[in-house]
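Residue numbers (the UniProt record's numbering), protein chains in the order written: chain A, 1 to 400; chain B, 1 to 354; chain C, 1 to 85. C-beta atoms are modelled at their ideal positions from N, C-alpha and C, and glycine is treated no differently.
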C-alpha cells in the first residue's frame, strides 16, 4: 500500500458546462447553472429550481453515436460522455494496454425511464427494452462498453450523496494495492421526478437559488451531472511519461450512525471522515489549503458540516466554499464533479467562490470564501455527505 | 499480507437457513416461478419502533447481519459492506407509483427515504452504532462480490480486523411483473428438483440476505479461508475455461487441487451454457454442487453460494440436495465458486478449509 | 372534538405503521415525539402531509409542525381552528 495514486485525466458534464473548460470558465466567472426545470414534466416546476444540462437525450445519443434501439437511461448517457472525455484527456488510445477497471457511482440509475414508462411497460413492447436498464449497475456496464473495458473489474457504488467520493476512494485503494494499474472513477446521476418529489417530501428543496452556509438558506437545488477521473499507478505514469493533474492523497469514510437522513448536530460522521482522510494522507489539519465543502444549503447539512469543520480545523479553518450554488446538488455525482473542481483549483491556484452568500450563520463564526481568490494551493479537501449517515472525504494534492 | 477468514454466517433465504444449527436438513419444495424467503420471527431481532418502516429486504438484511454477528460472538465490527443488485425495490415501487397515481401530490417521505440503495447498510450501522466505513455496492450479479473484494483488501492491508459483509435483494410485485414481460422469469412453474435441468428461458426469481463476518483472525468458529476473488464485467462463453484456469494459476493451483466446484446454474437455457463449459469441460471429473434451485435467482444469490461453500467446508459434508454430479469428494479442502447472471458480471471465488 | 381526537389517533397509528400501539394507549396529552410515543422528524413530515391531505392545512416550514404535533390534544385544537376541509 505504498503507491501513489495519480490523476491523469478528467471529464465532466454539468449544468455549468459540457466539458472541463466550460466548467472552469463558469466557476471563475461566477456563472451559475440554476434555472426552472425544462426536460421533466413536473407539477413542481414553479416551486423549485434545478441544475439541468441543456442537451436532450437525443443529442447525447447522437454525440455517442448510438443506434435508435439503444436503451440508455439519461444517467448512462451523461456518464458515458464524461467518462470518454476523461479517457481522451488522459491521452489513452489503447485501453487494454494496462489492467484497467471502472468504478462508477449512481443513485438514480435508470429511474428516469422507469418513472416515465412504469405502467406503459405492461402494454408497449417497444418500451420494454428499458426494463433491464433500471438497475444501478446498468449505466456502469454501458460506460465500460463505451470505453472498451472488457473482462475486467467493473462495479458500482451507491451510498446516496457520497457515492462518487466513495468510487474515487475504492479506485485509489485498488491502485495502491496493485489490483489495477489504471481505473476510471466517478459518478453520474440525471434529474428525475423520483428525486425531485423525494426531496420535496423532505421539505428541503429551495424555491429559489440555493445559498450554502447562509443563515437564511432555504434548502437545496437538485442538479444532474456526471464526472470521471482517470487514476493511474506510478508504474503507468512512469512508463508512459504521463502528465499528472494531481494525486488522490487521502480518503476517509465514516458513518454518522445517527439518523437515516439527517446528519448529527455536531457532525460526528463528517468529523471522523475528515480525520481519517488526513491520517491516510499523512497530513495535519494545517496542511489543507482549501476545503470544497459538501454545503448543500439545507439547514441541517451546513450546520452539521460547519461544526465538523470547526472540530477538525478549529475556529479559523482554511478557506472553504461550496460549489452547489453553481451546479445544484448532483447527488451520487457530486463527489466526482467536486473532485474535478478541486483539481481545477489546484491547477489554477484559485478558490472558487461560494455564490449567493449574504448572512453569517448565527451558530458559528466561520464564513465561506465568497469571491474568487488567487492563492498557491498544494492540497484540497473535498467532503461528500449522504443519507444513511454516509460521510466521505477525499484529499487531493499537487505533489504525490 | 494477512489472511482473511470467514468467521461466521447468517442467512435468510427461500430455505430455512436462518437456523444456523442446521444445514439444509429440511427442504422447502415449490412448484412456481417466483419463490419467497422463509421469514424468521423478525420481531425477535428488530425492535418494533425500528421495524415499522422496514420493507422485507431491510428486515432480512438486518436479521442476517445479526445472525452473523451472533455466530461470530461479536458486538460490533470495523466496517459494514453491503451488496444489493436491485436495491430497495419495494419502497422504490411504492414511491414511483405514488408519484404517478397521485400526480405528484400528497407524497410522504418514508418510502423515498427507504428506497435509497444504502438503506440496509445504513440501518445495520444505525442499529449497531457502527461509525466505521460503510459502503454499498450495486452492480447486478457481482454486487456481493464487490463488497467481499473491498473487505478482503481492508483486512489484508490491516485497515480493519472484523468486517460485516453481505448480499441482500428483495422481490417487488411490479418488478416481478415487468421482468416476466422480458422473459427473465420462467414462463411455467417448475419444481425445486427440476429447475436446474429445465429447458425453458428465464429463472425462478427469489430474494434473500446472506451476511458474513470476515476477519483477519482465525478462531475455532472459522468456516473457511477466503483465498481469492476475481470479477469480470464481460466474459465470452468460450473464455470461461481460460479465465478459470488463469484464476487457479494465480493461486498456484491446478484443476486437480479443486475438491469441489460450486456453480450458479439457474436453469435458464439461454445462459447456463457458461456453467456447462466448466461442468462438462475442465471440471467434469470434479464433484459439482449447485444451489439456485434452493434459493432461487436474485442479483445477490451468489451470497447463498458463498454461504453453501462456507458451510460445506466447516461441516465437511455435502447435503445430497446440492449435488449436481455423481463424483464423490475425496477431500473437502479447496472449493472454487463460479457465478454469472445473464452472461454478464462473472465471478470466481476460492475458499479453503481452515 | 373527542371524535376528532379518536380519528387522529387512528390515523397516526395507520400512517406511521405503529403496529403494536393501540388507540387506547395514546392519551390525549401524551407527548408524540421524544419520550412519549417516540416519533421522529420523518414522522413529522408524514403528519404534515396528513394535515394537508385530510384537513386542507398547509405548513411550509417543518419547524411549525413540532409545536402543532406536541400531543393529540394540541393537534386536534389546531386542526379544529384551521381546517379548510
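Length of the line joining the Cα atoms of residue i and residue j
{"i": "residue 89 of chain A", "j": "residue 240 of chain A", "result": "14 Å"}
{"i": "residue 63 of chain C", "j": "residue 95 of chain B", "result": "24 Å"}
{"i": "residue 314 of chain B", "j": "residue 133 of chain B", "result": "29 Å"}
{"i": "residue 1 of chain A", "j": "residue 176 of chain A", "result": "Its pLDDT being 43, under 50, residue 1 of chain A is placed unreliably in this model, and the value from its coordinates should be taken loosely. Distance between the alpha carbons of residue 1 of chain A and residue 176 of chain A: 5 Å."}
{"i": "residue 326 of chain A", "j": "residue 44 of chain C", "result": "31 Å"}
{"i": "residue 355 of chain A", "j": "residue 315 of chain A", "result": "22 Å"}
{"i": "residue 33 of chain B", "j": "residue 141 of chain B", "result": "20 Å"}
{"i": "residue 129 of chain A", "j": "residue 318 of chain A", "result": "50 Å"}
{"i": "residue 337 of chain B", "j": "residue 74 of chain B", "result": "27 Å"}
{"i": "residue 397 of chain A", "j": "residue 112 of chain A", "result": "36 Å"}
{"i": "residue 218 of chain A", "j": "residue 47 of chain C", "result": "21 Å"}
{"i": "residue 78 of chain A", "j": "residue 142 of chain A", "result": "11 Å"}
{"i": "residue 378 of chain A", "j": "residue 285 of chain A", "result": "13 Å"}
{"i": "residue 262 of chain B", "j": "residue 291 of chain B", "result": "8 Å"}
{"i": "residue 16 of chain C", "j": "residue 24 of chain C", "result": "16 Å"}
{"i": "residue 333 of chain B", "j": "residue 235 of chain B", "result": "28 Å"}
Neighbour flag for residue i against chain C, beta carbons, 7 Å
{"i": "residue 203 of chain A", "result": "yes"}
{"i": "residue 41 of chain B", "result": "no"}
{"i": "residue 119 of chain B", "result": "no"}
{"i": "residue 108 of chain B", "result": "yes"}
Closest by C-alpha distance to residue i, when choosing among the options
{"i": "residue 54 of chain C", "options": "C/72, C/84, C/26", "result": "C/84"}
{"i": "residue 337 of chain A", "options": "A/260, A/292, A/227", "result": "A/227"}
{"i": "residue 14 of chain B", "options": "B/36, B/23, B/7", "result": "B/36"}
{"i": "residue 5 of chain B", "options": "B/163, B/64, B/142, B/107", "result": "B/163"}
{"i": "residue 233 of chain B", "options": "A/345, A/148, A/76, A/127", "result": "A/148"}
{"i": "residue 251 of chain A", "options": "A/209, A/323, A/62, A/392", "result": "A/392"}
{"i": "residue 72 of chain B", "options": "B/255, B/217, B/327", "result": "B/217"}
{"i": "residue 249 of chain A", "options": "A/394, A/85, A/171", "result": "A/394"}
{"i": "residue 176 of chain B", "options": "A/122, A/342, A/349, A/265", "result": "A/122"}
{"i": "residue 178 of chain A", "options": "A/95, A/233, A/368, A/56", "result": "A/233"}
{"i": "residue 70 of chain C", "options": "C/17, C/32, C/77, C/28", "result": "C/32"}
{"i": "residue 148 of chain B", "options": "B/55, B/323, B/274, B/226", "result": "B/226"}
{"i": "residue 187 of chain B", "options": "B/27, B/58, B/31", "result": "B/31"}
{"i": "residue 293 of chain B", "options": "B/312, B/351, B/316, B/194", "result": "B/194"}
{"i": "residue 403 of chain A", "options": "A/371, A/53, A/195, A/184", "result": "There is no way to answer for residue 403 of chain A, as the model of chain A reaches only from 1 to 400."}
{"i": "residue 170 of chain B", "options": "B/247, B/85, B/322", "result": "B/85"}
{"i": "residue 173 of chain A", "options": "B/150, B/109, B/257", "result": "B/150"}
{"i": "residue 80 of chain A", "options": "A/124, A/131, A/189", "result": "A/189"}
{"i": "residue 28 of chain B", "options": "B/38, B/119, B/201, B/167", "result": "B/38"}
{"i": "residue 346 of chain A", "options": "A/329, A/384, A/290, A/302", "result": "A/290"}
Any chain B beta carbon closer than 7 Å to residue i
{"i": "residue 255 of chain A", "result": "yes"}
{"i": "residue 206 of chain A", "result": "no"}
{"i": "residue 193 of chain A", "result": "yes"}
{"i": "residue 13 of chain C", "result": "no"}
{"i": "residue 482 of chain A", "result": "Residue numbering for chain A in the displayed model covers 1 to 400; residue 482 of chain A lies beyond these limits and cannot be assessed."}
{"i": "residue 82 of chain C", "result": "no"}
{"i": "residue 38 of chain C", "result": "yes"}
{"i": "residue 42 of chain C", "result": "yes"}
{"i": "residue 135 of chain A", "result": "yes"}
{"i": "residue 64 of chain C", "result": "no"}
{"i": "residue 46 of chain C", "result": "yes"}
7 Å Cβ cutoff, residue i in contact with chain D
{"i": "residue 8 of chain C", "result": "Looking at the structure shown, chain D is missing, and the protein chains on hand are A, B and C."}
heavy atom of the ligand ZN below 6 Å from residue i C-beta
{"i": "residue 290 of chain B", "result": "In the structure shown, the ligand ZN is absent, as is every other ligand, since no ligand is present at all."}
Closer than 8 Å is the cut-off here; do at least three beta carbon pairs connect the segment 255 to 267 of chain B with the segment 4 to 16 of chain C? no
Note down, one range per segment and in chain order, each alpha helix (DSSP H) of at least 4 residues found wholly within the segment 323 to 367 of chain A. 324 to 327, 334 to 348
Counting pairs of beta carbons, one from the segment 43 to 59 of chain A and one from the segment 348 to 366 of chain A, are three or more of them closer than 8 Å? no
Please determine if the segment 103 to 111 of chain A and the segment 158 to 167 of chain A are in contact, where contact requires at least 3 C-beta pairs separated by less than 8 Å. yes
Below 8 Å, how does it come out for the segment 204 to 215 of chain A and the segment 311 to 319 of chain A: are there three or more Cβ pairs, yes or no? no
Please determine if the segment 18 to 28 of chain A and the segment 234 to 248 of chain A are in contact, where contact requires at least 3 C-beta pairs separated by less than 8 Å. no
Three-pair Cβ contact test at 8 Å for the segment 65 to 73 of chain A versus the segment 209 to 222 of chain A: no
Which parts of the segment 193 to 231 of chain B are runs of the beta strand (DSSP E), unbroken and 3 residues or longer, counting only runs that do not cross its ends? 208 to 215
Alpha helix (DSSP H) segments (min. 4 residues) lying fully within the segment 82 to 126 of chain A: 111 to 117
Using 8 Å as the threshold, is the segment 267 to 284 of chain A in touch with the segment 383 to 390 of chain A, meaning 3 or more CB pairs across them? yes
Just checking, does the segment 120 to 128 of chain B make contact with the segment 97 to 104 of chain B on the three C-beta pairs under 8 Å criterion? no
At 4 residues or longer, what runs of the alpha helix (DSSP H) sit wholly inside the segment 25 to 90 of chain A? 57 to 64, 74 to 89
Decide yes or no for the touch test of the segment 319 to 332 of chain B against the segment 243 to 257 of chain B: beta carbon pairs closer than 8 Å, at least 3 of them. no
Minimum length 4: unbroken alpha helix (DSSP H) runs contained in the segment 268 to 341 of chain B: 273 to 277, 292 to 295, 302 to 315
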